[in-house]
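Since the structure comes first, as structure tokens, the remarks are kept for the end.
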């Protein structure tokens with residue numbers, strides 16, 4: 001089962017981000033990498049939660065995705081927070097020529113990360129540390145989908161001679177629930193991705209007292225964070 005954005009998944013994802021501070025903490029760790037950049041493209045941006053955290057650190061941010069539901073949520077956030085420097089584009093990433101200082105690929109799910117190197121000075125890639133580094137504890141590939149992991153990308157970059165740094169990072173990114181019914185709905189949406197079944201899923205949930213949340217599914221997310229030197233790094237600011 002492949003993940004899809006809808007009203008429920010958008011709500012759960014935002015709740016997890018706010019509850020754990022995941023995107024705020026990850027954005028802060030990467031802020032020295034992007035600070036002072038004039039332009040940043042967030043490719044496959046989803047809800048654009050990292051880009052929103054960087055709105056005061058970058059001149060202009062362009063968020064690109066093919067999912068209308070995700071971009072509708074991002075557009076609502078931009079309006080609510082009165083963010084003036086984030087542009088939203090409904091577009092296929094591979095139809096883009098994102099000339100910029102920094103490109104972000106956060107869980108882009110593609111094995112073609114290097115395709116974007118000619119367009120930027122820095123390419124930030126955030127990927128699962130391994131196939132089991134997700135909330136379900138199983139491979140996130142799914143039928144017909146090839147998932148990028150840190151090991152796969154590191155192997156290719158090493159072979160190609162591209163200059164990069166890699167840091168293993170782990171941050172809490174579990175899922176809060178307002179009730180057991182909410183947790184059951186979550187399992188109903190994602191159940192096929194939990195191999196141990198409903199009973200094992202519910203046994204992982206712990207009670208909490210952080211209103212409106214009463215239950216929490218703990219999860220420490222392990223990631224590989226790459227900062228790769230783009231092919232524009234030695235060009236002048238206005239050059240393509």
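Residue numbers (UniProt numbering): 1 to 240.
Cβ coordinates follow ideal geometry from the N, Cα and C atoms, glycine included.
Q) So, are the CB atoms of residue 22 and residue 15 less than 8 Å apart? A) Cβ distance not < 8 Å, so residue 22 and residue 15 don't count as in contact.
Q. To which residues does DSSP link residue 118 through a beta bridge?
A. DSSP output for residue 118 lists no bridge partner at all.
Q. In whole angstroms, what is the alpha-carbon distance linking residue 74 and residue 24?
A. The straight-line gap from Cα to Cα measures roughly 16 Å.
Q. Considering only residues of the same chain and omitting the five flanking positions on each side of residue 106, which have a CB-CB separation below 7 Å?
A. Only 50, 126 meet the Cβ criterion.
Q: Rank 45, 61, 112, 38 by C-alpha distance to the C-alpha of residue 71 and give the top, closest one.
A: Of 45, 61, 112, 38, the residue nearest in Cα terms is 45.
Q.
With a threshold of 7 Å on Cβ separation, who are the neighbours of residue 174 within its own chain once the five nearest residues in sequence on each side are excluded?
A. For residue 174, where only same-chain residues beyond five positions count, the Cβ hits under 7 Å are 16, 20, 216, 217, 218, 219.
Q: Would you tell me roughly how many angstroms separate the C-alpha atoms of residue 157 and residue 38, rounded to the nearest one?
A: Here the C-alpha atom of residue 157 lies approximately 26 Å from the C-alpha atom of residue 38.
Q) Taking buried to mean at least 16 other C-beta atoms within 10 Å of its own C-beta, is residue 94 buried or exposed? A) With a 10 Å radius around the Cβ and a threshold of 16 neighbouring Cβ atoms, residue 94 comes out exposed.
Q: Go through its chain and collect everything with a Cβ distance to residue 78's Cβ below 6 Å, but skip five positions before and after it.
A: Cβ within range, chain order: 86.
Q.
My output table needs one value for residue 131: the three-state DSSP class, helix, strand or coil.
A. Residue 131: coil per DSSP, three-state reduction.
Q.
Per DSSP, what are the beta-bridge partners of residue 164 in this structure?
A. Residue pairing by DSSP places residue 164 opposite 228 in a beta bridge.
Q | Straight-line Cα distance separating residue 124 from residue 53 | A | If you take the alpha carbons of residue 53 and residue 124, they lie about 15 Å apart.
Q. What do you reckon, are the CB atoms on residue 230 and residue 117 nearer than 8 Å?
A. Against a cut-off of 8 Å, the Cβ pair of residue 117 and residue 230 comes out as a contact.
Q: Could you tell me whether the stretch 151-167 touches the stretch 186-204, where touching means 3 or more Cβ pairs closer than 8 Å?
A: Touching, no, given that fewer than three Cβ pairs across the two stretches are closer than 8 Å.
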